[in-house]
Amino acid sequence: MKKTFIILMIAVGFVFISCKKDSTSNYSQSNTINPASTVFASGGVWVVTGFTKNGMDETLNYTTSSISISPDSTFAISNDAFAANGKWSFGTLSENTLHLDYNNIDVIYYDPWKDIQDTWKINSYTSTTLTLQSVDNIKKMSLEKLIR
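The letter at position 147 of the sequence shown is residue 172 when you use this note's numbering, and the numbering goes up by one with no holes.
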(Lines of atoms letter the chains of each structure in order from A and count residues from 1; the text may use other names and numbers.)
(Lines give C-alpha, C1' and ligand atoms only; values in the text may rest on other atoms or scores of the structure.)
Protein backbone atom coordinates (compact mmCIF):
# COMPACT_ATOMS: atom_id res chain seq x y z
CA MET A 1 0.00 0.00 0.00
CA LYS A 2 2.81 2.37 0.92
CA LYS A 3 4.54 1.59 -2.38
CA THR A 4 1.34 2.35 -4.37
CA PHE A 5 0.91 5.64 -2.52
CA ILE A 6 4.50 6.70 -3.32
CA ILE A 7 4.07 5.80 -7.01
CA LEU A 8 0.78 7.72 -7.09
CA MET A 9 2.41 10.79 -5.50
CA ILE A 10 5.29 10.67 -8.00
CA ALA A 11 2.82 10.44 -10.91
CA VAL A 12 0.80 13.39 -9.57
CA GLY A 13 4.05 15.33 -9.13
CA PHE A 14 4.97 14.76 -12.79
CA VAL A 15 1.54 15.99 -13.87
CA PHE A 16 1.96 19.22 -11.94
CA ILE A 17 5.52 19.72 -13.15
CA SER A 18 4.63 19.16 -16.80
CA CYS A 19 1.61 21.48 -16.72
CA LYS A 20 3.02 25.00 -16.74
CA LYS A 21 0.87 28.07 -16.94
CA ASP A 22 1.59 30.08 -20.09
CA SER A 23 2.77 33.28 -18.44
CA THR A 24 3.34 35.18 -21.69
CA SER A 25 -0.12 35.00 -23.27
CA ASN A 26 -1.90 38.03 -21.80
CA TYR A 27 0.95 39.57 -19.86
CA SER A 28 3.25 40.29 -22.79
CA GLN A 29 0.43 41.70 -24.90
CA SER A 30 -0.79 44.03 -22.19
CA ASN A 31 2.77 45.20 -21.54
CA THR A 32 3.63 45.89 -25.17
CA ILE A 33 0.46 47.72 -26.20
CA ASN A 34 0.16 51.22 -24.88
CA PRO A 35 -2.97 51.48 -22.73
CA ALA A 36 -3.52 55.01 -24.05
CA SER A 37 -4.44 53.42 -27.38
CA THR A 38 -7.92 52.92 -25.95
CA VAL A 39 -8.34 56.70 -26.10
CA PHE A 40 -8.50 56.60 -29.92
CA ALA A 41 -10.18 53.19 -30.19
CA SER A 42 -13.63 54.65 -30.91
CA GLY A 43 -12.39 57.58 -32.98
CA GLY A 44 -13.88 61.04 -32.62
CA VAL A 45 -13.21 64.71 -33.14
CA TRP A 46 -10.57 66.35 -30.98
CA VAL A 47 -9.57 69.99 -30.52
CA VAL A 48 -6.32 71.52 -29.33
CA THR A 49 -6.97 73.14 -25.95
CA GLY A 50 -3.36 74.06 -25.28
CA PHE A 51 -0.16 74.33 -27.27
CA THR A 52 3.21 75.75 -26.25
CA LYS A 53 6.50 75.82 -28.12
CA ASN A 54 9.71 76.87 -26.38
CA GLY A 55 7.53 78.04 -23.50
CA MET A 56 5.46 80.39 -25.72
CA ASP A 57 1.69 79.89 -25.77
CA GLU A 58 0.58 79.20 -29.36
CA THR A 59 -2.91 77.86 -28.58
CA LEU A 60 -4.60 80.62 -30.61
CA ASN A 61 -3.06 79.16 -33.79
CA TYR A 62 -5.31 76.11 -33.36
CA THR A 63 -8.63 77.62 -32.26
CA THR A 64 -10.40 76.88 -35.58
CA SER A 65 -8.73 73.51 -36.13
CA SER A 66 -10.19 70.09 -35.38
CA ILE A 67 -8.59 66.68 -35.61
CA SER A 68 -10.81 63.76 -36.63
CA ILE A 69 -9.32 60.54 -35.32
CA SER A 70 -10.34 57.24 -36.92
CA PRO A 71 -9.88 53.84 -35.28
CA ASP A 72 -8.06 52.65 -38.43
CA SER A 73 -4.99 54.70 -37.38
CA THR A 74 -5.70 57.66 -39.67
CA PHE A 75 -6.54 61.25 -38.85
CA ALA A 76 -7.77 64.32 -40.69
CA ILE A 77 -7.03 67.83 -39.51
CA SER A 78 -8.93 70.83 -40.81
CA ASN A 79 -9.79 74.44 -40.21
CA ASP A 80 -11.72 77.07 -42.20
CA ALA A 81 -9.20 77.12 -45.06
CA PHE A 82 -7.05 73.98 -45.08
CA ALA A 83 -7.29 70.21 -44.61
CA ALA A 84 -4.77 67.38 -44.42
CA ASN A 85 -4.65 63.67 -43.65
CA GLY A 86 -2.18 61.53 -41.82
CA LYS A 87 -1.54 58.41 -39.79
CA TRP A 88 -1.26 57.99 -36.05
CA SER A 89 0.24 55.18 -34.00
CA PHE A 90 1.07 54.53 -30.40
CA GLY A 91 4.44 53.28 -29.31
CA THR A 92 4.80 50.40 -26.88
CA LEU A 93 4.13 50.79 -23.19
CA SER A 94 7.82 51.32 -22.51
CA GLU A 95 7.98 54.06 -25.18
CA ASN A 96 4.76 55.71 -23.97
CA THR A 97 4.54 57.73 -27.20
CA LEU A 98 2.09 58.82 -29.87
CA HIS A 99 3.34 59.33 -33.44
CA LEU A 100 1.52 61.75 -35.76
CA ASP A 101 2.63 61.80 -39.40
CA TYR A 102 1.03 63.61 -42.33
CA ASN A 103 0.50 61.83 -45.66
CA ASN A 104 1.08 65.04 -47.61
CA ILE A 105 4.50 66.68 -47.40
CA ASP A 106 2.93 70.09 -48.19
CA VAL A 107 1.55 70.24 -44.64
CA ILE A 108 5.07 70.62 -43.33
CA TYR A 109 5.15 74.08 -44.91
CA TYR A 110 1.82 75.15 -43.39
CA ASP A 111 2.21 76.90 -40.07
CA PRO A 112 1.15 76.00 -37.42
CA TRP A 113 0.25 72.42 -38.34
CA LYS A 114 3.84 71.48 -39.07
CA ASP A 115 4.38 71.46 -35.31
CA ILE A 116 1.78 68.72 -34.77
CA GLN A 117 3.69 66.16 -36.84
CA ASP A 118 6.00 64.69 -34.25
CA THR A 119 6.61 61.91 -31.79
CA TRP A 120 4.91 62.85 -28.54
CA LYS A 121 5.42 61.52 -25.02
CA ILE A 122 2.09 60.82 -23.35
CA ASN A 123 2.01 62.72 -20.06
CA SER A 124 -1.58 61.88 -19.14
CA TYR A 125 -4.84 60.74 -20.68
CA THR A 126 -8.49 60.05 -20.00
CA SER A 127 -11.23 58.96 -22.38
CA THR A 128 -11.70 62.62 -23.40
CA THR A 129 -8.31 64.29 -22.80
CA LEU A 130 -4.74 63.76 -23.87
CA THR A 131 -1.71 65.72 -22.62
CA LEU A 132 1.44 65.37 -24.70
CA GLN A 133 5.03 66.62 -24.78
CA SER A 134 7.36 66.35 -27.76
CA VAL A 135 10.22 63.93 -27.21
CA ASP A 136 12.66 66.83 -27.61
CA ASN A 137 10.79 68.64 -24.78
CA ILE A 138 10.24 71.74 -26.93
CA LYS A 139 6.45 71.46 -27.43
CA LYS A 140 3.46 70.63 -25.23
CA MET A 141 -0.04 69.95 -26.52
CA SER A 142 -3.37 69.27 -24.82
CA LEU A 143 -6.25 67.71 -26.74
CA GLU A 144 -9.89 67.37 -25.74
CA LYS A 145 -12.44 65.13 -27.38
CA LEU A 146 -15.67 66.81 -28.47
CA ILE A 147 -18.70 65.00 -27.08
CA ARG A 148 -21.63 65.11 -29.48
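Beta carbons are placed, not taken as given, at the ideal position from N, Cα and C, and that holds for glycine.
Three-way DSSP call (helix, strand, coil) for residue i in this model
i	result
ASN86	helix
VAL73	strand
THR153	coil
LEU168	strand
ASP143	strand
SER62	helix
TYR52	With a pLDDT of only 27 at TYR52, under the threshold of 50, the placement of this residue in the model should not be trusted, and no figure is reported.
ASP47	Low confidence applies here, because ASP47 scores a pLDDT of 37, under 50, leaving its location unreliable and the question unanswered by this model.
GLY80	coil
Host beta strand (DSSP E) of residue i (start-end)
i	result
GLY111	108-115
LEU123	122-127
Check whether residue i and residue j have beta carbons under 7 Å apart
i	j	result
PHE115	SER62	yes
ILE147	LEU125	no
TYR87	VAL64	no
PRO128	ASN110	Residue 128 is actually Asn in this sequence, not Pro. Yes, these two residues count as a Cβ contact at 7 Å.
ASP105	THR84	no
MET166	PHE76	yes
LYS78	LYS164	yes
Residue i - partner residues in DSSP beta bridges
i	result
ALA101	SER93, ASN110
SER159	TRP145
| message | I want to know whether the segment 154-164 touches the segment 89-104 - three or more CB-CB distances under 8 Å. | response | Result no; under three Cβ-Cβ pairs closer than 8 Å.
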